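Shown next, in structure tokens, is the structure this report addresses.
Residue numbers (the numbering used here): 38 to 179.
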């Protein structure tokens, strides 16, 4: 397996940043989440064009995932107004619970009816994956 060159990695990072920025602009205009654009880019660069091998990228995934979460939460903290947070906490809590429950139910339903799994395993998988939806809530609410 051939390793990626420094130029290729930096170029891919630059492309991801540009697509993310364009996705944010598109999100503000159309309401389509920028995550969809980034997932499409990942699909294009990985399996379709073959620029990035899944095995190579998976070694960086824990670091990039942690970095992305840090940036998302830091950005959310910078734009936080404490009094407004206290006022909107009940509604935000309700919204978060509804989104989490919907994510769990959706993943469980796909697992049970689409992959013919068991409900308990589907609910467990939904609970694991449902927590990632919380990172999407601050950009959508703002």
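In this text, a Cβ means the ideal position worked out from N, Cα and C, and glycines have one as well.
Since the structure is predicted, the reported quantities are computational estimates derived from the model, not experimental observations.
- In the assembly as shown, residue 68 is an exposed residue. Its beta-carbon has fewer than 16 other beta-carbons within 10 Å.
- Taking C-beta atoms as the reference points, residue 49 and residue 82 count as a pair closer than 9 Å.
- The alpha-carbon of residue 148 is positioned some 13 Å away from that of residue 167.
- For residue 105, the enclosing alpha helix (DSSP H) covers residues 91-115.
- Between residue 144 and residue 163, the C-beta gap is smaller than 9 Å, which places the two residues in contact.
- Contact annotation: residue 56 and residue 78 have beta-carbon atoms nearer than 9 Å.
- Taking C-beta atoms under 8 Å as the contact rule, residue 63 and residue 75 fail to qualify, at a distance of about 11 Å.
- Contact between residue 141 and residue 160 holds: their C-beta atoms lie close to 6 Å from each other, under 8 Å.
- Taking C-beta atoms as the reference points, residue 45 and residue 88 count as a pair closer than 9 Å.
- A direct Cα-Cα distance of roughly 10 Å separates residue 120 from residue 126.
- C-alpha of residue 96 to C-alpha of residue 102: approximately 11 Å in a straight line.
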